[in-house]
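Working notes, structure below.
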Amino acid sequence: MIYIQIFIAFFIPSIVGYGGGPASIPLIEHEVVSRYGWVTTGEFSEILALGNALPGPIATKMAGYIGFEVGGVLGAVIAELATIAPSLILMIVLLQLIFKYKDSPRVKRLSKIVVPTVAILMAGLTYDFIKTSYTSNGLVQTIIIAVVSLLLLEKWKVHPAFVIVGGLAYGALFLG
Numbered sequence: 001m002i003y004i005q006i007f008i009a010f011f012i013p014s015i016v017g018y019g020g021g022p023a024s025i026p027l028i029e030h031e032v033v034s035r036y037g038w039v040t041t042g043e044f045s046e047i048l049a050l051g052n053a054l055p056g057p058i059a060t061k062m063a064g065y066i067g068f069e070v071g072g073v074l075g076a077v078i079a080e081l082a083t084i085a086p087s088l089i090l091m092i093v094l095l096q097l098i099f100k101y102k103d104s105p106r107v108k109r110l111s112k113i114v115v116p117t118v119a120i121l122m123a124g125l126t127y128d129f130i131k132t133s134y135t136s137n138g139l140v141q142t143i144i145i146a147v148v149s150l151l152l153l154e155k156w157k158v159h160p161a162f163v164i165v166g167g168l169a170y171g172a173l174f175l176g
């Protein structure tokens with residue numbers, strides 16, 4: 001029964017918490033503090049502070065911690081699944097709709113708008129990364145990393161994960 005309660009406690013805030021983790025926090029607090037009494041308000045505040053100190057989405061970190069405290073490893077897994085299930089289900093449904101209507105003129109127009117927008121956002125992100133690298137590592141190191149990465153990805157078709165690991169190793173050895 002506890003696992004069903006864990007699922008409900010994190011599934012409901014994930015469905016109605018439009019706006020992501022910050023919008024879900026009061027809903028999660030209501031479920032785990034007021035409704036089920038698994039943690040006190042003070043403990044919830046500490047969990048929230050700890051979750052904010054770590055990278056990644058706040059709702060999933062809180063779900064994992066509280067789920068583990070209440071139901072062990074299985075409780076953590078159930079809480080995590082309940083937290084991501086609404087987004088996952090919606091994404092699958094929307095992708096199926098887009099695939100079903102991929103030849104529709106409206107979907108094609110949408111693609112013509114979305115693809116350039118994503119490209120512009122990625123270009124802005126790339127610019128920020130290059131600027132940060134130039135400021136932190138200097139021009140020579142930035143050029144070396146960029147050229148070697150480009151060659152590995154485009155000429156030798158190395159998987160991006162290996163290029164990232166190689167970049168981390170290079171940074172640890174030569175820039176750390």
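Using UniProt numbering, the letters of the sequence shown map in sequence onto residues 1 to 176.
The C-beta atom is built at its ideal place from N, Cα and C for all residues, glycine as well.
As the structure is a prediction and not an experimental result, all values here were calculated from the model.
### Message
With three or more beta-carbon pairs closer than 8 Å as the criterion, would you say the region 96-106 touches the region 64-82?
### Response
Using a Cβ-Cβ distance cut-off of 8 Å, the region 96-106 and the region 64-82 are not in contact, since fewer than three pairs of beta carbons, one from each stretch, lie closer than that value.
### Message
Quick check on M1: does DSSP put it in helix, strand or coil?
### Response
The three-state secondary structure of M1, taken from DSSP, is coil.
#### Entry: Contact the region 14-26 vs the region 59-71: 3+ CB pairs below 8 Å
Segments in contact, yes.
### Task
Report buried or exposed for W156, applying the criterion of at least 16 other Cβ atoms within 10 angstroms of its Cβ.
Using a 10 angstroms sphere on the CB of W156, the tally of other CB atoms stays under 16, which defines it as exposed.
### Task
Could you pull out every residue in the same chain whose Cβ sits closer than 8 Å to the Cβ of G51, ignoring the five residues on either side in sequence?
Closer than 8 Å at the Cβ level, and outside the excluded window around G51, lie I58, K61, M62 and Y65.
### Query
So the alpha helix (DSSP H) Y134 belongs to, where does it begin and stop?
P105 to N137 is the extent of the alpha helix (DSSP H) around Y134.
### Where E31 falls, given that 16 or more other Cβ within 10 Å makes a residue buried
Its Cβ being crowded by 16 or more others within 10 Å, E31 is buried.
### Task
Whole angstroms is fine: what's the gap from A23's alpha carbon to S111's?
Taking C-alpha positions only, A23 is separated from S111 by approximately 29 Å.
### Task
Pull up the distance between the alpha-carbon of A92 and that of P55, whole angstroms please.
Strictly speaking, residue 92 in this sequence is Ile, with Ala absent from that position. So the two alpha carbons sit approximately 26 Å from each other.
#### Entry: Cβ neighbours of L152 in the same chain (closer than 6 Å, five flanking residues each side left out)
Residues V158 and V163 of the same chain have their beta carbon placed closer than 6 Å to that of L152, with the five preceding and five following residues left out of the count.
### Query
Quick one: what does DSSP say P160 is sitting in, helix, strand or coil?
Under the three-state reduction of DSSP output, P160 falls in the helix class.
### Query
Is DSSP giving Y36 helix, strand or coil here?
In the structure shown, Y36 adopts coil according to DSSP, grouped into three states.
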